[in-house]
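Comments concern the structure below.
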Amino acid sequence: MSSLYEIVAESGRAKSAVFNTVHGSVKTPVFMNVATVAAIKGGVDSRDLDGIGTQMALANTYHLHVRTGDEQIARLGGVRKIMNWHKPVLTDSGGFQVFSLAKRRKIQEEGVYFNSHVDGAKIFMGPKESMRIQSNLASTVAMAFDECAPALADRAYVTESVNRTTRWLNTCVETINVLNKKKETINKNQLLFGINQGAIFDDIRIEHAKQIRELDLPGYAVGGLAVGESHEQMYFILDAVVEHLPRNKPVYLMGVGTPENILEAVERGVDFFDCVYPTRNGRHGHVYTENGRLNLSNEKYKTDPSPIEEGCDCLACQNYSRAYIRHLLKAKEMLGYRLCSIHNLSFYNRLMENIRNAIACDSYSSFKKEAIYKLKDVN
RNA sequence: GGGUGGUUUCCCGAGUGGCCAAAGGGGGCAGACUGUAAAUCUGUUGCGGAUGCUUCGGUGGUUCGAAUCCACCACCACCCA
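For the first sequence, the numbering used here assigns the number 1539 to the last residue and increments by one with no breaks.
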């Protein structure tokens, strides 16, 4: 029986591992494609991702609770079943919505009152509710219910918020342990990842990391970054906090990020990522290449017969020109959004594969330097 | 042949004497977006670096001042013969 998480290569502080779950194995560093409402936006089907190296997806507790309801999804067999997704899925806890729907919520000790963004209905969600919903969704990995404080929050607020997040984490642990033993639970092996918070205060972050690692959870995330602070501040926090999380467990940097952010974070020991960028930017016509990001809706691509990226084996690059995809975007045709999203996901997965290879060759530092240099090319 | 309504900046369309280079859409151009309230949002869109200059079917007029008032002309739409 293989262990849950096994480091297979290291290069400096960068690590590459295999994460073994009941829903399959994942090679890290890994990028999880985002499927917030159990759908990859832009009309991308689960099968579109076959062959482009996708290993894991992310869905959202809050969104699926609000629509169509986690109990209904449980009756249908869980989020993986309805998506026809045979690989692992991580569910975010709704904690980020505490942040992003700030104008629609009120935080209390037991949880948060939201107003649904769908119909305005009052919703209560705390650690118990989040865990129950995630158990119904039957994801591979459930995330702890946390508060993602704004980057600009002051020290007093962050201290209070982090303490509450720690108390919530304890409740999450107790709750998932009960849920995983229930007869009707679809995935009785659901894993719980804890989330480190503390905004840009390194001492609060470190203290929090030390506290939560005592719980000996199967994985730990760094949350509350890329929410308004500078890149330098983000890297500074990662430098400070990652070494206080267990090295022999997954480290997940939530919601990040750009290719450059990922390259920098891997160097600091992070091995799980997710971000809306490849799909959102795809829908907005921004596509990634090794030599930087292109805005395909720019006039200069109007007659460009070349593929988005030479040598890319994705559906878009194998079959269509930049000029045609630009035309589709201008015409607001779904196919345009779809092709750009598929290409970007393909790019991200290829980036992760290259990262893994560089770690395996113990040449990560020079690989990263060159990759970032190339990304700055102007197209 | 007679009557009525109309012609506005790339398009649609508001504007009936100064606050009008001209509302609002659309389209165009560019930008933003990091655990997705996001196929969304923002900026810009006559020329000029600027005091300015040239525009509202055409020509002429009234007026200190005209897209707006008057005259004629051109074209378009509908109605009556």
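The beta carbon of each residue, even a glycine, is placed where N, CA and C say it ideally should be.
The structure displayed is predicted, hence computed values, not measured ones.
Using DSSP's beta-bridge definition, name the partner residues of residue i.
| i | result |
| --- | --- |
| A1483 | A1483 pairs with nothing; no bridge assigned. |
| K1266 | Y1273 |
| F1179 | Y1165 and V1186 |
| N1220 | D1252 |
| Y1448 | R1453 |
| I1355 | A1381 |
| N1193 | A1217 |
Quick one: is residue i buried, meaning 16 or more other Cβ sit within 10 Å of its Cβ, or exposed?
| i | result |
| --- | --- |
| R1365 | buried |
| C1332 | buried |
| M1540 | With the chain covering 1161 to 1539 only, the question about residue 1540 has no answer from this structure. |
| L1312 | exposed |
| D1363 | exposed |
| V1182 | exposed |
| E1469 | buried |
| Y1524 | buried |
| F1179 | buried |
| M1216 | buried |
| C1521 | exposed |
| G1417 | buried |
| G1280 | exposed |
For residue i, I'd like the list of residues in its chain whose CB is within less than 6 Å of its CB, leaving aside the five on either flank, ordered along the chain.
| i | result |
| --- | --- |
| D1434 | M1192, V1194 and L1218 |
| M1285 | G1254, G1271 and V1272 |
| T1325 | D1306, E1307 and Q1357 |
For residue i, does the three-state DSSP call read helix, strand or coil?
| i | result |
| --- | --- |
| I1360 | coil |
| N1349 | coil |
| D1434 | strand |
| L1329 | helix |
| I1167 | strand |
| N1455 | strand |
| V1402 | helix |
| K1201 | coil |
| M1414 | coil |
| V1301 | strand |
| A1369 | helix |
| I1468 | coil |
| A1309 | coil |
| K1282 | strand |
| A1174 | strand |
| E1289 | helix |
| N1244 | coil |
| V1338 | helix |
Please look up how many angstroms separate the CB atoms of residue i and residue j, rounded, as I've assumed it's under 8 Å.
| i | j | result |
| --- | --- | --- |
| L1413 | V1430 | 4 Å |
| Q1268 | S1321 | Incorrect: roughly 13 Å between the Cβ atoms, too far for contact. |
| L1398 | R1428 | 4 Å |
| N1587 | N1441 | Nothing about residue 1587 can be reported from this structure: the residues present for the chain run from 1161 to 1539 only. |
| T1214 | N1509 | 6 Å |
By Cβ distance below 7 Å, which residues in the same chain neighbour residue i in space, the five residues on each side in sequence not counted?
| i | result |
| --- | --- |
| M1394 | L1385 and A1386 |
| S1457 | G1445, R1486, L1489 and K1490 |
Beta-carbon within less than 8 Å of residue i's beta-carbon, same chain only, minus the 5 sequence neighbours each way: which residues are those?
| i | result |
| --- | --- |
| N1514 | F1527 and A1531 |
| I1167 | K1175, S1176, A1177, R1407 and N1408 |
| A1198 | A1219, L1224, I1233, V1239, I1242 and M1243 |
| A1545 | No answer is possible for residue 1545: it lies beyond the span of the chain, which begins at 1161 and ends at 1539. |
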